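Residue numbers (our numbering), protein chains in the order written: chain A, 1 to 399; chain B, 400 to 798. Every residue, glycine too, gets a C-beta built ideally from N, C-alpha and C. Everything numeric in this text was worked out from a predicted model, so none of it was measured.
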């Protein structure tokens with residue numbers, strides 16, 4: 001019996017409300033003795049930590065540094081090892097493409113090929129987004145026998161290709177050679193059932209090459225991250241939650257949509273995201289609020305900038321608390337230590353606030369206090385049942 | 400390989416003795432800054448905590464509040480998600496009925512039906528136990544074609560019905576409508592193989608209705624919690640332990656019997672339970688000692704009373720220690736915070752005392768110290784192998 005089967009008969013649909021505030025890449029590593037979170041001046045979080053339960057989340061299993069997809073799926077309660085999602089599907093969701101079950105989604109990078117057909121720039125000179133849009137318009141006239149074809153601009157040199165047909169498979173190799181000075185690789189089927197998909201993508205790559213002959217920078221395409229879209233059981237189905245996702249970046253909206261959340265896209269600051277949360281507060285019982293910049297500053301290796309972004313998150317907290325959620329959790333999808341300039345495997349700080357917490361006196365919300373917190377060390381996929389319990393949304397298991 | 404398979408070749412049968420002292424519903428939540436356990440004046444436990452390992456147990460998975468059945472099965476090392484037990488079986492075990500594999504056990508509530516046959520009181524005016532016994536005596540003369548029928552009084556309006564026949568199934572709906580003003584529901588088969596069982600129970604309900612026509616209060620029966628008894632591998636089989644259960648409440652005796660423990664029923668106080676433990680000390684290698692009232696006071700929401708019951712448990716502790724057990728563990732089957740007046744999902748404080756502990760200086764035995772204890776946060780099902788190890792009953796795994 002998996003967790004969803006265990007939960008199903010226990011779920012109580014109630015009006016209580018849960019906020020899951022995800023500060024992307026929240027966890028860090030000490031530089032000069034303190035992590036980014038421990039360095040930030042964040043009065044609201046530190047005060048709340050004394051009235052909350054602290055713990056830490058292992059995103060997948062110890063040692064595994066997840067991407068945004070598995071990081072968030074874990075937070076949403078979907079074991080990321082059981083529910084892998086391909087990068088292509090994430091990209092398609094991210095650009096708001098209306099992807100359907102069975103579609104094959106592929107990440108497409110425009111690249112520069114030299115006269116011999118070898119890749120000279122894998123990003124086509126960081127092609128401007130407007131160029132990308134212009135070129136895609138032309139490529140959309142292409143036809144592939146036996147499949148519908150969709151193309152959407154992502155950003156700069158990145159686009160998404162979606163094929164729609166019966167019997168597609170994503171057991172395919174990438175055409176992106178991951179280096180310059182060699183030609184794009186042929187797309188190969190890694191299992192017999194992917195032969196058709198491989199033929200379609202290879203035909204696409206060749207036609208595109210032909211169509212782009214006149215381009216100076218973007219005269220080739222590299223394909224990678226092929227993924228067939230398989231929908232997941234929704235938050236409504238597995239938790240009885242009517243969930244909202246508030247996010248500024250397409251990928252996180254896509255992750256919310258994947259599990260059936262209503263997506264409220266915000267273009268702007270965290271303050272504007274908080275305003276959107278207030279606006280839709282009466283419509284939902286679960287709110288996934290995503291803040292991107294704690295991750296991007298960590299990826300840049302900019303400790304001070306990450307500290308500032310955490311302080312920005314702290315300034316939003318009183319607005320969230322003013323809504324009087326029954327349960328509020330603050331955590332991340334993974335750690336992004338400035339020291340590593342990348343996602344890492346380190347557990348993620350977690351704070352759960354509700355009327356039913358075992359709190360203890362702490363110096364604040366930080367990695368060291370969380371590691372010694374009353375919640376102990378959990379896996380990300382354990383979070384959702386805990387939040388449901390704190391919100392009074394779970395009945396007793398067995399007699 | 401599951402845990403039992405892993406353990407099997409490692410088990411050493413030795414004379415060393417383990418006491419598992421279960422204070423039901425032990426864990427709590429702070430009110431005025433401290434939990435019940437942290438408030439209690441309990442010199443023996445607090446002193447022992449400084450010579451023991453502390454930790455906390457998650458009874459099932461994070462967020463799940465278990466009933467007594469899954470709570471205890473977990474403590475006994477049987478993954479409660481893999482070994483579900485029906486309420487009917489728990490009740491039959493609880494009244495010391497000699498249930499056999501394949502028997503179908505059903506909880507029977509006496510109810511009051513009005514002139515139209517609608518339920519007017521689901522508990523027959525909280526029928527006195529003596530009335531229950533008198534009425535059952537009459538019902539025992541009933542005969543069902545194709546099945547043996549047993550009836551046992553539980554308490555007040557509650558009784559247990561057991562059917563014995565070939566091919567019984569518990570894929571059945573309840574006849575208890577869970578509300579008044581409507582007639583009892585027919586028992587329906589939820590799968591084809593349960594048709595025979597449904598017919599037998601429906602015939603029973605109709606005959607009982609007829610037989611109870613003269614009763615004023617208990618003139619109907621409601622059936623629920625149907626469960627076929629499937630024995631579990633015994634403590635002897637999986638751990639090589641000759642186990643004793645000492646408990647005042649039928650259900651906990653039943654849980655001990657389910658895993659092959661010799662049951663010593665005690666009617667009386669914890670002091671009398673401790674005396675029984677002393678009496679049978681030479682006969683067994685494992686002792687499950689159950690103390691009920693830390694749970695019932697929590698369920699009543701009576702913080703002060705729960706504190707007093709914990710102090711009562713503390714007074715029994717020196718007698719247990721005087722027996723010089725090789726290993727003594729103190730924990731609960733789940734938390735029952737007075738604040739929630741119910742079983743909860745919060746981890747359960749755990750103390751393990753043996754000569755081989757990593758102890759540290761602590762203020763006492765309490766939730767906060769246990770959350771920071773050297774054992775960390777475990778699942779209840781992890782406890783038994785730990786106790787076996789501390790008792791020197793486990794050999795090395797692998798070379």
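When Cβ-Cβ separations below 8 Å define contact, residue 610 (chain B) makes no contact with chain A. Residue 630 (chain B) carries a coil assignment under DSSP once its states are collapsed to helix, strand and coil.
Scanning its chain for C-beta atoms nearer than 6 Å, with the 5 sequence neighbours on each side dropped, one finds around residue 649 (chain B) the residues 493, 494, in chain order.
Look at the stretch 460–485 of chain B: the residues with a C-beta under 9 Å from a C-beta of chain A are 460, 461, 462, 463, 464, 465, 466, 467, 468, 469, 470, 472, 479, 480, 481, 483, 484, 485. Distances from the CA of residue 259 (chain A) to each of A:65, A:242, A:61, A:378 were compared; the closest alpha carbon is that of A:242. For residue 114 (chain A), DSSP records no beta bridge to any residue. With 16 or more other CB atoms across the displayed protein chains lying within 10 angstroms of its CB, residue 660 (chain B) is buried.
Residue pairing by DSSP places residue 27 (chain A) opposite A:335 in a beta bridge.
One finds nothing in chain B with a Cβ atom closer than 7 Å to the Cβ of residue 287 (chain A); even the nearest lies about 19 Å away.
Judged by DSSP in its simplified three-state form, residue 448 (chain B) adopts helix. A buried status is given to residue 487 (chain B), since no fewer than 16 other beta-carbon atoms sit within 10 Å of its beta-carbon. From the beta-carbon of residue 455 (chain B), the residues of chain A found nearer than 9 Å are 374, 376. Looking at the DSSP output, residue 619 (chain B) sits in a beta bridge with B:510. In the assembly as shown, residue 581 (chain B) is an exposed residue. Its beta-carbon has fewer than 16 other beta-carbons within 10 Å. Residue 307 (chain A) sits in a helix when the DSSP states are folded into three classes. Secondary structure of residue 719 (chain B) (DSSP, three-state): helix.
With a threshold of 8 Å between beta carbons, residue 189 (chain A) makes no contact with chain B.
The contact set of residue 17 (chain A) on chain B, defined by CB atoms closer than 8 Å, is empty, because the minimum CB distance reaches about 17 Å. Contact annotation: residue 403 (chain B) and residue 637 (chain B) have beta-carbon atoms nearer than 8 Å. If you look at residue 788 (chain B), you'll find it in the alpha helix (DSSP H) that goes 782–789. Chain B places a beta carbon closer than 8 Å to that of residue 358 (chain A), counting this residue as a contact. Counting only Cβ-Cβ distances below 7 Å, residue 647 (chain B) has no contacts in chain A at all, with the closest Cβ about 19 Å away. About 5 Å separates the beta carbon of residue 490 (chain B) from that of residue 559 (chain B), a gap short enough to meet the 8 Å contact definition. Excluding its 5 nearest sequence neighbours in each direction, residue 147 (chain A) has C-beta neighbours in its own chain below 6 Å: 163, 165, 200, listed in chain order. Taking a cut-off of 8 Å on C-beta distances, the stretch 459–469 of chain B touches the stretch 379–397 of chain A, as three or more cross pairs fall below it. Between residue 485 (chain B) and residue 742 (chain B), the gap from beta carbon to beta carbon reaches 8 Å or more. The residue among A:14, A:33, A:38, A:17 with its C-alpha nearest the C-alpha of residue 306 (chain A) is A:38.
Secondary structure note for residue 471 (chain B): it is in no beta strand (DSSP E), and the uninterrupted alpha helix (DSSP H) holding it is 467–474. Nearest CB-CB separation between residue 744 (chain B) and chain A: below the 8 Å threshold. Close to residue 555 (chain B), with beta-carbon spacing below 8 Å, lies no residue of chain A; the smallest spacing is near 17 Å.
Residue 231 (chain A) sits exposed, since fewer than 16 C-beta atoms from the chains shown fall within 10 Å of its C-beta. When secondary structure is reduced to three states using DSSP, residue 166 (chain A) falls in the coil class, being assigned neither helix nor strand.
Membership of residue 293 (chain A) in the alpha helix (DSSP H) is indicated by the continuous run 293–299. Annotated three-state conformation of residue 648 (chain B) is coil, per DSSP.
Beta-bridge analysis with DSSP links residue 554 (chain B) to B:557. Under the DSSP assignment, residue 578 (chain B) falls outside any alpha helix (DSSP H); it carries neither an H nor an E label.
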